[in-house]
Structures are given as structure tokens and as C-alpha cells.
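4 protein chains.
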Amino acid sequence: MESTATFFTAVIYGMEKPAPPPGLTWKKKAYSVIFEADTPAGRNFDIGLLWAIVLSVLVVMLESVRSINAQYGPYLRIVEWIFTSLFLLEYLARLVVVRRPLTYAFSLLGIIDFLAIAPTLVSLVLSGSQYLIVIRTLRLLRVFRIFKLGRFVGEGEFIVRALKASRFKILVFLTAVLTLVIVIGTLMYVVEGGKNGFTSIPKSIYWAIVTLTTVGYGDISPVTVLGQTLASVLMILGYAIIAVPTGIVSAQMATPSTPSPSYKQVICHVCQATEHRPEAEFCWRCGEKL
Amino acid sequence: MESTATFFTAVIYGMEKPAPPPGLTWKKKAYSVIFEADTPAGRNFDIGLLWAIVLSVLVVMLESVRSINAQYGPYLRIVEWIFTSLFLLEYLARLVVVRRPLTYAFSLLGIIDFLAIAPTLVSLVLSGSQYLIVIRTLRLLRVFRIFKLGRFVGEGEFIVRALKASRFKILVFLTAVLTLVIVIGTLMYVVEGGKNGFTSIPKSIYWAIVTLTTVGYGDISPVTVLGQTLASVLMILGYAIIAVPTGIVSAQMATPSTPSPSYKQVICHVCQATEHRPEAEFCWRCGEKL
Amino acid sequence: MESTATFFTAVIYGMEKPAPPPGLTWKKKAYSVIFEADTPAGRNFDIGLLWAIVLSVLVVMLESVRSINAQYGPYLRIVEWIFTSLFLLEYLARLVVVRRPLTYAFSLLGIIDFLAIAPTLVSLVLSGSQYLIVIRTLRLLRVFRIFKLGRFVGEGEFIVRALKASRFKILVFLTAVLTLVIVIGTLMYVVEGGKNGFTSIPKSIYWAIVTLTTVGYGDISPVTVLGQTLASVLMILGYAIIAVPTGIVSAQMATPSTPSPSYKQVICHVCQATEHRPEAEFCWRCGEKL
Amino acid sequence: MESTATFFTAVIYGMEKPAPPPGLTWKKKAYSVIFEADTPAGRNFDIGLLWAIVLSVLVVMLESVRSINAQYGPYLRIVEWIFTSLFLLEYLARLVVVRRPLTYAFSLLGIIDFLAIAPTLVSLVLSGSQYLIVIRTLRLLRVFRIFKLGRFVGEGEFIVRALKASRFKILVFLTAVLTLVIVIGTLMYVVEGGKNGFTSIPKSIYWAIVTLTTVGYGDISPVTVLGQTLASVLMILGYAIIAVPTGIVSAQMATPSTPSPSYKQVICHVCQATEHRPEAEFCWRCGEKL
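As they're listed, the protein sequences go chains A, B, C and D.
According to my numbering, the first sequence is numbered sequentially starting from 146.
According to my numbering, the second sequence is numbered sequentially starting from 146.
According to my numbering, the third sequence is numbered sequentially starting from 146.
According to my numbering, the fourth sequence is numbered sequentially starting from 146.
Pasting the structure below:
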């Protein structure tokens, strides 16, 4: 959960553009097209890039479907190489255009941009790795920047802030859940006697997680009376315990909206009254000009 | 989610009656029966219509059950045609009676009314399409209007308002969830090696959705140790992440009741400013004594 | 949901003792033992009754387990008849002891007390009905009264009040969910072509409920690509939509604690200031005695 | 739920160190190493202990995996005995070092410390019991103390306080849920006629729990039309009812942060009254100017 919050923060705050090159050269112009979305050219570049990402991810997905691969495999692989070449060119262009290429290369954006092309290149050597290309989807998060949706960023920040503020509470909660799952998983292994799918403690813990989170695949399920009783307890616990993270986040999200921002932090020099309306020009208590 | 909110809004706000015909003709009378529910006749018409909708939907459902269809099929089809004829007559009556037939025909209500009869007509040509008749259930939402349950509409509006106010937050959340599901689905495809049901990336993404949402059919479930570990992480994430939409909506629903009561409902007689602090004795905008 | 709220309210408010008999006779004494829990005798009677209920429910459960029934069946049936006789005696005693027997017989408590013995009696004639005896568990709700746990009753009332206050919102929500489930269920029937378990529209609707509520048995699960896509949409909807009832109840439960009871509803006769602390004896603005 | 709250409270509050031995002897020094984490030695001891716990739990888990056990079984058992010896030594050292050994032995920490070594010793006599060693994971909760994460303890206390404050509400809720599950489980047994997995009432109740909590294994699922209808009702109930514990905990967590800020933090110099209204100029109790 914490890593999720960190990830989001990184995505939203960390997606800051690297510093532009100095001077008014062609580099500066290219920079504004590639990194910014204020000009029509920059906007079009970003929208085109987004479509390229979506399409290339779709190609990789289709390639994995056996029937489609059997028929259109070679074509799909060609399309994929075209996309990878485009992304490679784009990556190199970004490196060339920024002021400090290394800073960009090791920034979050730079690493994602690199990972988006690496798998295809590696697949020349190591078969199978090309599927990791789906890391490209992470690039889709750029969408929030392209449309300059300040609104979305604000909302994203709201979620991230709430998650960050409650990350210690959630960590405590997860530690308790993990301990619970390990203890009950082991008990089930002993109770079901290593049969009915509970063939080892790790597998029983896996079952306990499947049950506590109310996923319930049914690939492993208790058969003995004692096992089913224990499972019932775990299920009801899981059902009730979900109230904890939900309550934490709800409470967190409900509080930030109430504090004093609805009042202006100005003190009247006559009567010292505070908490004026944000637009107030006169003191509400003595009528003095603020 | 946004489309759900839009849909609800459309249903509740958009269910406004089309304009009545001018003059005090028979049309006006028919209009009041068909479109309004204030008079006993209009009320009875609407309740009758509601029952017809419920019964016709039931008939279509029963028709799809093989054993019932084998025995009562012909009768059910006759009943269905009777209902469709009735709805067709009603639809035509609505078109005749309103001031601007085209406006009605392309309003939300008009389109639903049309779709409720179209499938049966189309089924003359294209077999199978008659099941789409269940779109008729959408007409059941009229129930809120018939009983003039201002209370229900108010409550519906409350839910819609909360969903609308949080739609950007929910959209950001869904984008993050979708990205997560695509990335983990692909990883699982690689990890399970295209076996154990993870036969393609789209199928693995389907599995990831089944797991993250805690549905857990069990038609596909990981078998390898690494796969089960990854699945456990996804499950716990799904279990914890549900706190986010819940928190968003809870916080949204908890706030609207607090805001304005913190202001005094007095209008300044000089500058017409409202929303003064509860204890204010002077106008915050012009300094006039309230 | 509404019926649940009504049920709870009935249980908690409606569990009022029927009127005691007039005069200071032996009836009055018996009444205090059977209906009240203030005296040691009344308390012991109630605790004994509670244990009898728990044990008799356990006996019925055990009887239904084939292996136990084969071995101990006759004994269990004897025990059950003993319990039923006891409950019959208790029921008759209650009828004799109250002021108006008919009022008690048709009160909620009286009906539950009757239903708790009826199945065993009926089972003499109609085999199988004896399992309905489990209605006896409803009598367990008496526990809240026995221990005079005013605290528990208060908490129960809190939950009931929150559910009652939000019952219209929840009804609107359930109507929307039901419509959604019917429409998507039918679509799935058409999409999966009546195969893979989707053999009829009612069955498909059953599947849609299993999926939307994130239960996910897996007895029916989509196989076609289009079906799995539709299922994914339904799952994500179900995952996000759960925020609505949760938000409604959370908001409802969070509000009652805040309203103005923290201020005294008195107006100062000198400066007209309101919103004094509950214990205030002097006006906070002008210092005048209230 | 209550027991969970109690457990947490015990863990966090009850993890107080037993009293140190009197005097400035070697015992006092050993005590500070073993029980405290302020000195570098104490900190290292605790971190080492933590790693030993994690490793020993992992060893027990691996031992339960058949393929690993077949190959490395003897080595794993040796490692386990080494860890158990270490923990035994540690336990004895703790007993020796504290002022009152018996108080420690019967404190929560002492019992957990004992249970962490008992299973291996017992396994000499009773095979199979060694798996209970996983109780050792409970010792992992020490982690919160080692890093002196006052923050974590505070957050843990926050969760515990919210759970404690709502424990009566949750108990009422669980009683209602249990009654519901027993009644519906029995009904299903009657409806499905003891077939399709509903072979006894306890098994049907197990199914009802699996369904209501939205786990849904699918090992038992209704087949008859009436059974599926009843199941649908139960599922929707379970889906809606989860709003209750969530709402309880959310409301509880949201309230503690709001109360007192509505009062002015000034103490009346005459009557010592606190908690005045934010704008108060005069004491609400004695009318003195503040």
C-alpha cells in the first residue's frame, strides 16, 4: 500500500519535465514539442505517442493469443518492431534534447521510457521476455498530463495524500493481517492433515489469503468439519476486517475538506477577530476594513 | 462509473415530460392520462403500464427456459406479441399526443420506449434478437415517478450528486486499477508459462480482474509457486484498494450535509451579499451593519 | 434492507413485555419470573431458557448430519421432543400469565415463540418440516434483554436508526442494481448463446448477481471472449458500486454524532446570542446570566 | 472482532517490559540488552532475534513442502533444533534476568515466548505438533517496539481505539449475521433436499457463510431454481450488509478528530472552566470576562 502511494506520488509529482536545454536553438524547439503540451505541435506529438503506446500494447496482447498468432504472427511481429523503433527514436530524441541526459535517464519517466523498449531488444537474445513490453502501459499515465487536466491531477493528489496520510495505519493493519494469515494457514495445514489441497504450509497460507480477502477461488477448500469451522471464522473475520482499511481511508478523506481553509487567515487590526470569509473585505464583528 | 452517474442523472433529471400539446383539445386530455400521474386516470394508466412491463419481461425470461419453452412456447409467444402490440400502440399514442413528436422520439424516454418494442419486431427477421427485449426493464425506472415519490427522487439525486462530484477521483482510480491489472495479468502469463488456463495475455488480464475485484470464480487459478505468490499480492491489493472508491464516496456523502449551515442565511440590504458567518453583525463585503 | 431494518426495529422495540396481570396473585409472581429479568428467579429462568434454545437448535443440526443420525438418531429425536415439550409448557405458561393472551399470541414475540414449537408438532403429520425448527434461533435475540445490556440495545438502535434513515437511498440503489443485473444477465445469455451454463435468462441473471456481488462461485463462468469482456465490466462495476451502500451508511452513521446537541438552545435576553455550551449559565457574548 | 481488539490492545499496551531487577549488577546490564532497545547492544539483540524468528518460521514452512522435505528434510530439522535451542536459551535468560520471573512467565509476552519453543519440544513425543511452531510469527509483532516506531504504535492504538469503541455495535451486527446465516442455511438444506452438497444443516450453514461473506468457493452451490433464488437474496444481502461494519468503523474513525477543536483552549482564571465557544468573551460558567 505504501509502495502504491509512493508510486502514485512519483507518477504525479515526479512526472515533472526535465530541465530544458539553454539558448533558443533547434533543441529548445524540439524540447517544447517532445516534453511540453502547450503548443499545438507538442499536443499532437503527445496524442500521437499515446495512440502508439495503446496500439503497441494491443499488438503484444494479440500476439499472445495462439489462434491469432498462428495466422497473423509474422505481421504482428513486424508491427511490433516498427513501434519499438519509433519508441527507440523517441527515447534517443529525449536524451539528445534535454539539458542533462543522465538526470533524465535515471528519472522515473526516463526509466519507464527505457523499459518500454528494452524487452523487445532483449527478446532478440532471450525469448519470452518480449511480453514484459506491457510495462509500456505505465506510459499511459502520461494521459493525465497531455490533456492538461489539472482537475485530474488535483484528484489524483487528493487520493495520494489520503493514502500517504494513512500509510502507517494501513501498514499496521497489513502486518496484523499477514500474521493472522500465517497462523491460520498453518493451523489449517495441521487440521486438514496435508490433504484436500492443503499440501504444505505455504499453500495453506495461500488459501488463507484467498479466503480472507473474500476472493474464494475454490481450487482449495476445506473438507473436514473442523477445517470448515475454522474457514468460517476466517471468512467472517475477513468480512468484518475490511471495515478497517475502508474506515481509515474514509476518515482520512473526510477530514481534509473540513479544516479552516473556508476562512481567511487575517486578523482584524481593530477587534482582532479572525476567521473571516475568504472574500471578506470587512471584519464581520466590528465592520472595520480588513 | 461516470457513465453510470450520467445515466442516473439522465434517468432522474431527463425523465421530464415532453411539452404538452397547445389548446384544450382531446389531445391535451390524452396527454394528461399518458404523461402525467396527477389525475386518477393518469395514475391508473401508469400503474397498468408498469404491470404490463413487468409481465412482459417475465414472459421473455420464461421463454428462455428450455423446459418451459418446450411446453408453453407458442402461448408465451402469443402473450409477448400482445404486449408488444400494446407497447407499440402506447408509443404511437405518445408520438401523436405530444407537441413536438421528434423531440420526444429522440429524448431518453422516447428512445427507451422505442427500444422496448423494437427487438420483437426485429426478431421477425433476425432470430435471437427478441431477448434484447429485456431493455424493457429500464422502463421500470418510471416507478419512481408514478408514485410521485419525491422522497425517492431526492435520495436518487443525492446518490447521483455524490457520484458526479467524485467522478474524476473515481476515473483516476479506475485508470490506476486498469494499468495494474494489465501489468499483473501479463506478468502472470509469463510466470505461468501460458499454461493452467493462462493461455493468453487477454485471458490473464481477465483473471487479474476476477482476482482484484475479489470475485474469484476459480475457472482460472495459478498453480506455480511464483504465480500463487503474485496472486496473493494482487488479492491483498484488491482487498485494501477497495477502500479507495469507498472512501471517496463516503467522504463525498458525508460532506454535503455540513457546508452551508456554517453561514448565516441573511442578505445584506446594501450589497445583497449572502453567506455571512453565523455570528456576523456586519456585512463581510460592504461593511454595512446587518 | 428495509425489511431488515424493520425486522431489527421490531426485535428491539417490539420486544416489549406484554402487560402484567392485575392484582398481587401467584400470576403476578409467575409473570415476573417468566417475563422479567430483574429478580434472581427471572434471571435464572431466562438464562436456562437461552441454553435450552441453543441446545435444541444444536440437536436439530446434528440430526441432519447423516452419520450422526444413523447412530444416535432415536436419542436425538427423544431429546428434541423433550425440548419441544418444555417450550410448549413455557408457551402455555406465558399465555396463562399475561393480562391479554391474544395480544401476546399475535405480538412478534408470541409468534416467534409459537413458530419455535410448531414445526416439531407439524412433523408428526408432514415429514421434513421439523428442520424449520431452526426458527428457534430467532429467540436467541432475547439474549440482549436477559443481560439487561442497555448498552447493546443502544448500539442496536444506533444501527437500526442509521439503516432506517438511509432506507430510501438503499432502495433506490437496489432498484438500480436489479435493473443492471437483469439487463446484463440477458445480454450474457445472448452473448454466450445459451451454452457454458448460461442456459436461460433467469440462470444468467443468477450468474450476474453472483458476479456483481463479488461472490463468484465459478459454477457458471463465461467462456467466449465477448462474454469475459462483459463479465470484466460487470465485476469492476460491482467492485466500485459497493462504495455506494457503504458510503450511504457511513455518512449516515457519521452525522448523528455532530449536530447541535453540543449547544444549548437558549437565547440570551440581553444580546440575543444563541449556541451556548450545554452547561452554560452565563451568556458567552455579554456575560449576562441566562 | 472484540477478541481481535482485545488481542491488539494486549499486544500494544501489554507489551510493556517486565520490571527490571534491583541494583546495578550484571543482571541489570543483561536486562537492558534483552528487554530494552535504547542501547546499541539492545538494539542489535532485538534485530538479531527478529531475524531468527523470521528464519525459523521459514524453515518450518519449507519443511512442510513435500519435495523440499524429501531432499533437505534432515538439514531443516537440524536448523530448526538450533533455532529452538536459541529461543530456549533466550527464554531462560529472560526468566533469570527479570525481577519477578513468574509475573513475566504469565504475561502475554512470556506466554508467547514459551509457546514459540514448546511445539518443537512436544514434537519429540507427539509428531505433527511441530507445525504449531508458527505461533512464533506472533513474536514478529515485536518489530513495532524494536524500531521504536512511536508513530506505528500511535497508529495501532488509533485502530484499536476505534475497534474498541465500536465493539458493541459490531457484536450486535455479528449476532444478527449469525442468526441470519443459521436460518438461511437451514432453509437451503430443506430447499435443496439434502442434495448438491447441502448434505446437512451445519454444511448448509457453512455454505451460507461462504456466500454471505462474498467468498464463494463454489465447492457447494445451489442447483434448484428456488435454491438459486434464495442464494441471490443472500448474496445481495451480504453485498449490502457489509456497509454496516464499514460504516460503524468509518464513523468511529472520523469522529475522534473533530470534537474539541470547536472549543476555545482558554481556562477561566476565576472558576477554571475550560471548553469555551471559540468566540466567547465571557466564561460560560461564572460570567467572568475571559
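Even glycine gets a Cβ: it sits at the ideal position worked out from N, Cα and C.
Remember, it's a predicted structure, so these values are computed and weren't measured experimentally.
* **Beta-carbon proximity list for A/V178, same chain, < 8 Å, skipping 5 on both sides** => T184, A186, G187 and F190
* Could you tell me whether any Cβ in chain A is nearer than 9 Å to the Cβ of B/A175? => no
* Asked: List, in order along the chain, the chain C residues whose C-beta lies closer than 8 Å to that of A/T391?
  -> T391
* To do: Using beta-carbon positions only, say whether B/V394 and C/A399 come within less than 9 Å of one another.
  => no
* Quick one: which chain C residues come within Cβ less than 7 Å of B/G361? -> G361
* Asked: From B/A261 to B/Y249, what does the alpha carbon distance come to, in whole angstroms?
  -> 15 Å
* Asked: Which residues of chain C have a Cβ atom closer than 7 Å to the Cβ of A/S395, listed in chain order?
  -> S395
* Identity of the residue in A/R211, A/T229 and A/I315 nearest B/A385 by Cα -> A/I315
* Asked: Which of the three DSSP states, helix, strand or coil, is assigned to D/G383?
  -> helix
* Could you list which residues in chain C have their beta carbon closer than 7 Å to that of B/Y351, in chain order? => Q373 and S377
* Nonlocal neighbours in the same chain, by C-beta distance under 6 Å from B/I213, ignoring five residues either side -> L207
* **Span separating the alpha-carbon of B/G392 from that of D/R244** => 49 Å
* If we cut at 9 Å on Cβ distances, does C/A385 have a partner in chain A? -> no
* Just the C-alpha distance for D/G342 and D/Y351, rounded to the nearest angstrom, thanks. => 11 Å
* Thinking C-beta only, is D/K348 closer than 9 Å to A/Q216? -> no
* To do: Could you tell me which chain A residues have their CB closer than 8 Å to the CB of D/D364, listed as they occur along the chain?
  => G363 and S366
* Of all the options A/S201, A/F232 and A/V270, which has the alpha carbon lying nearest to the alpha carbon of A/I258? -> Reading the sequence as shown, one finds Asp at residue 258 of chain A and not Ile. Of the candidates A/S201, A/F232 and A/V270, the one whose C-alpha sits nearest the C-alpha of A/D258 is A/F232.
* Backbone CA spacing between C/G338 and C/A353 [nearest angstrom] -> 16 Å
* Roughly how far, in whole angstroms, is the beta-carbon of B/S366 from the beta-carbon of A/D364, given that I think they are within contact range, below 8 Å? -> 4 Å
* Asked: Checking contacts by CB at 9 Å: is B/K314 closer than that to chain A?
  -> yes
* Listing by chain order, which chain B residues have their CB less than 8 Å from the CB of A/M333? -> None at all; the shortest Cβ gap to chain B is about 15 Å.
* Can you tell me where the alpha helix (DSSP H) with A/T331 in it begins and where it stops? -> R312 to V336
* Asked: Hey, is A/S209's beta-carbon within less than 9 Å of any beta-carbon in chain B?
  -> yes
* Asked: Using the beta-carbon count (16 or more within 10 Å), is C/F313 buried or exposed?
  -> buried
* Asked: Can you list the residues of chain D that A/I346 reaches, using a CB-CB cut of under 9 Å?
  -> V205, M206, L207, E208, S209, V210, Y276 and V279
* **For A/S345, three-class secondary structure by DSSP** => coil
* What do you get for D/I346, buried or exposed, if any count of 16 or more other CB atoms within 10 angstroms of its CB means buried? -> buried
* **N- and C-terminal bounds of the alpha helix (DSSP H) containing D/P390** => A388 to A399
* Is the distance from the Cβ of A/I329 to the Cβ of D/V202 below 9 Å? -> no
* Inter-residue spacing [alpha-carbon to alpha-carbon] between C/Y334 and C/I381 -> 20 Å
* Does D/A399 get closer than 9 Å to chain C when you measure Cβ to Cβ? -> yes
* To do: Give a yes or no on whether the minimum CB-CB distance between C/A197 and chain D is below 9 Å.
  => no
* **Distance, A/K173 Cα to C/T358 Cα** => 54 Å
* **For C/T324 and C/L332, the rounded distance between their alpha carbons** => 12 Å
* To do: Determine whether the Cβ of D/I327 lies closer than 9 Å to any Cβ atom of chain C.
  => yes
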